[in-house]
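*Asks:* One structure coming up, written as structure tokens, with questions to follow.
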Amino acid sequence: SVVSLAHINIVGPDGYVFDDFVGVESFAEEALVLVPKGDCWLNVYCGEQGMAAPHKGLQIPYGDECPPVYMQSAFLDTDCELLSRQVRVRKNYCRLSVFVEDVEHFPFSLAVKGMVAGYGADGTPADGDFFHMVETVPDEGWAISVPRQTDDSMLLEVSDGTDVLKIFALGKYICASGYNWKAADLSDITVGIDYTRTKLT
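To convert, take the position in the sequence shown, counting from 1, and add 19; that gives this note's numbering.
The following block contains the structure:
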């Protein structure tokens with residue numbers, strides 16, 4: 020993924036907030052920020068698509084997918100004269116590709132439901148209702164980006180536009196495959212559906 024802009028926010032004592040953007044042309048330079056002494060929290064986002072804000076973290080609106088976000092979150096003890104921190108953002112979304120067997124006879128819609136709707140101000144997955152209709156990608160089937168999960172409760176729904184016809188325990192299948200939701204950089208996943216046999220691989 021090509022990163023062109025970094026969103027930096029720092030919150031600290033007595034309501035202190037630093038919230039700014041740095042372009043790719045300045046990535047190799049050292050940024051100097053004056054912060055109060057005490058305890059501060061640093062969040063750096065790339066690709067957050069306007070969903071991140073100080074004190075709130077990254078909140079995914081209901082109906083939206085997870086943005087292609089790379090992040091770093093860190094506690095800073097600023098009770099000193101000078102503190103240097105090198106930023107290394109990590110991939111904090113999973114691109115889920117879905118392929119359907121006998122797609123010509125599959126006139127249905129797919130949606131993913133989950134219980135993580137973004138990231139808190141400390142960078143950890145935040146509880147909330149996640150729902151997004153899986154989008155079709157030319158020559159690639161369906162695809163959706165989901166945030167880091169904390170359990171195996173994520174579901175894949177098949178509907179005819181009015182009613183939900185089948186529900187696949189997507190999270191359980193993913194966890195059973197050995198996928199690691201705690202990895203520093205999340206890997207992408209490919210899922211196959213054999214609808215007639217109610218089978219997911």
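Glycine is no exception: its CB is placed at the ideal position from the N, C-alpha and C atoms.
As the structure is a computational prediction, the values presented were derived from the model and not from experiment.
Around the Cβ of K110, are there at least 16 other Cβ atoms within 10 angstroms (buried) or fewer (exposed)?
*Replies:* Against the sequence shown, residue 110 aligns to sequence position 91. Buried, by the Cβ-count rule.
*Asks:* According to DSSP, is D33 helix, strand or coil?
*Replies:* In the sequence shown, residue 33 corresponds to position 14, counting from 1. Helix, per DSSP.
*Asks:* Provide the residue span of the alpha helix (DSSP H) that contains L189, from first to last.
*Replies:* For this step, residue 189 is matched to residue 170 along the sequence shown. Unbroken alpha helix (DSSP H) run through L189: 189-195.
*Asks:* Label V63 either buried or exposed according to how many other C-beta atoms from any shown protein chain fall within 10 Å of its C-beta, with 16 as the threshold for buried.
*Replies:* For this step, residue 63 is matched to residue 44 along the sequence shown. V63 comes out buried.
*Asks:* Considering only DSSP beta bridges, list what W60 is partnered with.
*Replies:* Counting from 1 along the sequence shown, the entry for residue 60 is found at position 41. According to DSSP, which records beta bridges pairwise, W60 is partnered with V30, F94.
*Asks:* Looking at G76 and A136, is the spacing between their C-beta atoms short of 8 Å?
*Replies:* Residue mapping note: residue 136 aligns to position 117 of the sequence shown, counting from 1. Residue mapping note: residue 76 aligns to position 57 of the sequence shown, counting from 1. The answer is no: Cβ separation not under 8 Å.
*Asks:* Measuring alpha carbon to alpha carbon, tell me which of T215, A202, S45, I29 ends up nearest S92.
*Replies:* As a first step, residue 92 is located in the sequence shown; it is residue number 73 there, counting from the start. When each option's Cα is compared against that of S92, the closest is I29.
*Asks:* Output yes or no for whether 8 Å exceeds the beta carbon distance between V36 and P73.
*Replies:* Start at 1 with the first residue of the sequence shown, and residue 36 comes out as number 17. Start at 1 with the first residue of the sequence shown, and residue 73 comes out as number 54. Yes, they are a contact pair.
*Asks:* With a threshold of 16 other CB atoms inside 10 Å of the CB of P32, please say whether the residue is buried or exposed.
*Replies:* Reading the sequence shown from its first residue, position 13 is the one you call residue 32. Classification of P32: exposed, given that the 10 Å Cβ count is below 16.
*Asks:* Quick check on the DSSP output: the beta strand (DSSP E) that includes H151 runs from which residue to which?
*Replies:* Taking the first residue of the sequence shown as position 1, residue 151 is located at position 132. Looking at the DSSP string, the run of the beta strand (DSSP E) that includes H151 is 144-152.
*Asks:* I'd like the span of the beta strand (DSSP E) that includes E176, first residue to last.
*Replies:* As a working note, residue 176 is residue 157 in the sequence shown. Start and end: 174-178.
*Asks:* Just tell me which of A25, A202, Q68, L53 has its CA closest to the CA of T169.
*Replies:* As a first step, residue 169 is located in the sequence shown; it is residue number 150 there, counting from the start. Taking only the C-alpha atoms, the option nearest T169 is A202.
*Asks:* DSSP on Q45, reduced to helix/strand/coil?
*Replies:* By one-based count along the sequence shown, residue 45 stands at place 26. Going by the sequence as given, residue 45 is Ser instead of Gln. Residue state, collapsed to three classes: helix.
*Asks:* Would you kindly report the start and end of the unbroken beta strand (DSSP E) that includes R114?
*Replies:* On the sequence shown, position 95 is the one that residue 114 refers to. Here the beta strand (DSSP E) through R114 covers 112-119.
*Asks:* DSSP beta-bridge partners for G66?
*Replies:* Translated into positions along the sequence shown, residue 66 becomes position 47. Answer by DSSP bridge pairing: none, since G66 is not bridged.
*Asks:* Using the C-alpha atoms, what's the distance from E67 back to Y112?
*Replies:* One-based indexing of the sequence shown puts residue 112 at position 93. One-based indexing of the sequence shown puts residue 67 at position 48. Looking at the two C-alpha atoms, the distance is approximately 10 Å.
*Asks:* Among the candidates L184, G197, S196, Y198, whose CA atom is the shortest distance from the CA of Y214?
*Replies:* Translated into positions along the sequence shown, residue 214 becomes position 195. The shortest Cα separation from Y214 among L184, G197, S196, Y198 belongs to L184.
*Asks:* Among D182, D179, A50, which residue has its Cα nearest to the Cα of R104?
*Replies:* Counted from its first residue, the sequence shown places residue 104 at position 85. Nearest option by C-alpha distance: A50.
*Asks:* Rounded to whole angstroms, how far is the Cβ of T209 from the Cβ of F118, which I believe are closer than 8 Å?
*Replies:* On the sequence shown, residue 209 is found 190 positions in, with the first residue counted as 1. On the sequence shown, residue 118 is found 99 positions in, with the first residue counted as 1. About 7 Å; that satisfies the 8 Å criterion.
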